[in-house]
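First up is the structure itself, then whatever we jot down about it.
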Amino acid sequence: RDVGCAPDFLPGHRNLTSEQGRQRVADAWNAQIPPFRGVGALDITSAINDGKVKALQVIGNNPNFTNGELGDFLEAAKSLDFLVVQDAFSSELTEIADVVLPSQTFAERRGTYTNLERRVQLLRPALGVKGDGEADWRTICQIAQRMGASGFDYTEEDPIFDELNNIVRVYGGLSYGRLEAEGLQWPCLAADMVDTPYLYERTFETRKAKLVNMTLADAEYPMDSQYPLLLAHGRVLHQPDVDMDIVELNNKNSINRQETIKVHPDDARTLGISEGDWIEVVAAGSTIEGAANLTGHQPGIVNVTTLFGELISELEANSSSDPLQHISTLPLTPVKVAKPMTQAAAD
4 RDVGCAPDFL
14 PGHRNLTSEQ
24 GRQRVADAWN
34 AQIPPFRGVG
44 ALDITSAIND
54 GKVKALQVIG
64 NNPNFTNGEL
74 GDFLEAAKSL
84 DFLVVQDAFS
94 SELTEIADVV
104 LPSQTFAERR
114 GTYTNLERRV
124 QLLRPALGVK
134 GDGEADWRTI
144 CQIAQRMGAS
154 GFDYTEEDPI
164 FDELNNIVRV
174 YGGLSYGRLE
184 AEGLQWPCLA
194 ADMVDTPYLY
204 ERTFETRKAK
214 LVNMTLADAE
224 YPMDSQYPLL
234 LAHGRVLHQP
244 DVDMDIVELN
254 NKNSINRQET
264 IKVHPDDART
274 LGISEGDWIE
284 VVAAGSTIEG
294 AANLTGHQPG
304 IVNVTTLFGE
314 LISELEANSS
324 SDPLQHISTL
334 PLTPVKVAKP
344 MTQAAAD
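In structure tokens, the structure reads:
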């Protein structure tokens with residue numbers, strides 16, 4: 004909604020039903036803004052099958068083919084009169100496209116990302132562009148110019164972001180220059196204004212708050228005497244306090260580190276486990292080994308932490324058209340904790 008990537012919203016969280024909002028964007032773009040809702044991602048398959056969508060340009064990551072939310076999108080896409088796919092990698096979708104336009108990966112792009120805490124961060128290229136991949140905005144501008152549209156004569160990213168902060172009020176004080184130093188959280192209304200770490204810290208836009216009762220259902224976990232503890236598995240970006248090595252194998256870097264398993268001291272005493280002991284966490288069908296760290300905060304809970312960087316290996320090994328859907332989740336899992344049999348025998 005920040006930049007209008009929702010079928011019923013314009014940039015700046017402006018609802019399409021707002022005549023004032025449509026006029027503000029129309030004046031900035033020198034274009035007529037249709038007042039009706041667009042076709043959202045979840046409706047695109049049925050819209051193609053109903054003949055409402057005849058041509059489609061797909062930009063960026065593949066749609067989700069695997070969880071059923073988009074229906075039989077691939078089959079529907081085959082019936083389009085014209086399909087353009089703008090992507091960095093080959094896929095089932097590029098195989099059926101009429102035109103494939105090479106794109107850049109996230110590691111080759113310059114631009115901004117806005118995360119869930121409203122923090123706008125500058126994206127810098129980590130790699131030089133390989134092959135004939137092109138920035139998506141540049142490809143869009145070239146298509147628009149060849150179709151005779153005005154307002155697409157950009158030659159770099161900065162003025163595109165300037166247009167954004169001109170239309171989107173909460174971005175008004177942001178610029179590439181300010182973002183060079185650090186990420187900033189909107190709203191930031193002017194160049195001399197600080198950003199807003201806490202939204203609605205003092206008041207709501209409507210001046211009112213509505214309190215609603217919540218009914219929380221008790222989670223059920225199949226714990227028993229065989230698996231009396233719960234494993235809480237987490238992921239972090241980095242662990243500066245943990246020693247690790249970078250090992251190169253087949254021209255690829257991988258992380259080698261000792262796994263640490265956090266156990267509450269009360270549970271450790273019951274199990275006869277001391278700080279630094281090599282232990283194993285056993286669930287139905289899987290086992291994790293590591294060094295015991297008796298700093299757990301909650302009795303009955305065992306914690307292990309992996310790195311987000313390790314997900315790259317999972318993604319690369321997955322042959323799915325949308326591998327993100329197959330990354331292992333982090334549910335609470337009933338487990339038991341013990342020393343490995345060889346160590347227990349030695350003790």
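In this text, residue positions in the sequence shown follow the working numbering: the first is 4, and each later residue adds one.
Idealized CB from N, CA, C, for every residue including glycine.
- Straight-line spacing of the CA atoms in Leu-219 and Pro-343 works out to 38 Å.
- Counting along the chain, the unbroken beta strand (DSSP E) around Gly-114 starts and ends at 114 to 117.
- Cβ contact annotation for Glu-262 (same chain, cutoff 6 Å, sequence separation greater than five): Gly-293, in chain order.
- Within the same chain, Cβ atoms closer than 6 Å to the Cβ of Ala-194 are found at Gly-176, the five residues on either side in sequence being excluded.
- In its chain, beyond the 5 residues on either side, Ala-91 have a beta carbon closer than 7 Å to the beta carbon of Thr-108.
- Between Ser-257 and Ile-264, the alpha-carbon positions lie close to 21 Å from each other.
- Listed in chain order, the alpha helix (DSSP H) elements of length 4 or more contained wholly in the region 79 to 104 are 95 to 99.
- Contact between Arg-25 and Pro-10 fails: their C-beta atoms lie close to 14 Å from each other, not under 8 Å.
- Between Leu-104 and Leu-86 the beta-carbon gap is near 11 Å, outside 8 Å, which marks them as no contact.
- When the beta-carbon positions are compared, Asp-280 and Gly-303 stay at least 8 Å from each other.
- About 4 Å separates the Cβ atoms of Gln-89 and Ile-62, confirming a contact at the 8 Å cut-off.
- Runs of alpha helix (DSSP H) with 4 or more residues, each lying fully within the region 163 to 234, are found at 179 to 182, listed in chain order.
- As the crow flies, the alpha-carbon of Asp-135 is around 33 Å from that of Lys-55.
- Between the region 225 to 234 and the region 305 to 313 there are three or more inter-stretch CB-CB distances shorter than 8 Å, so the stretches are counted as touching.
- Pairing Ala-44 with Arg-238, the inter-Cα distance amounts to about 29 Å.
- Here the C-alpha atom of Pro-243 lies approximately 33 Å from the C-alpha atom of Met-196.
- One Cα belongs to Ser-49, the other to Leu-252, and the distance between them is close to 46 Å.
- The residues Gln-107, Glu-111, in chain order, have a CB closer than 8 Å to that of Val-132 in the same chain once the five nearest residues on each side in sequence are set aside.
- Leu-119 is classed as exposed because its beta carbon has fewer than 16 other beta carbons within 10 Å across all chains shown.
- Where Glu-120 is concerned, there is no enclosing beta strand (DSSP E), because DSSP gives it neither an H nor an E.
- The beta carbon of Asn-259 sits closer than 6 Å to those of Asp-248, Val-250, all from its chain and outside the five residues before and after it, given in chain order.
- Annotation: the continuous beta strand (DSSP E) that includes Leu-59 extends over 58 to 62.
- Here DSSP, grouped into helix, strand and coil, assigns Thr-48 to helix.
- Within the same chain, Cβ atoms closer than 7 Å to the Cβ of Arg-4 are found at Phe-12, His-16, the five residues on either side in sequence being excluded.
- In the DSSP annotation of this structure, Leu-310 is not part of any alpha helix (DSSP H); the continuous beta strand (DSSP E) holding it starts and ends at 304 to 310.
- Measuring C-alpha to C-alpha distances from Leu-126 to each of Ala-152, Ala-79, Glu-183 identifies Glu-183 as the nearest.
- Distance from the CA of Gly-275 to the CA of Gln-124, rounded to the nearest whole angstrom, comes to 48 Å.
- Thr-298 and Tyr-203 have their C-alpha atoms spaced approximately 36 Å apart.
- Following the DSSP letters along the chain, one finds Ala-271 inside the alpha helix (DSSP H) bounded by residues 268 to 274.
- Between Asp-227 and Thr-290, the alpha-carbon positions lie close to 18 Å from each other.
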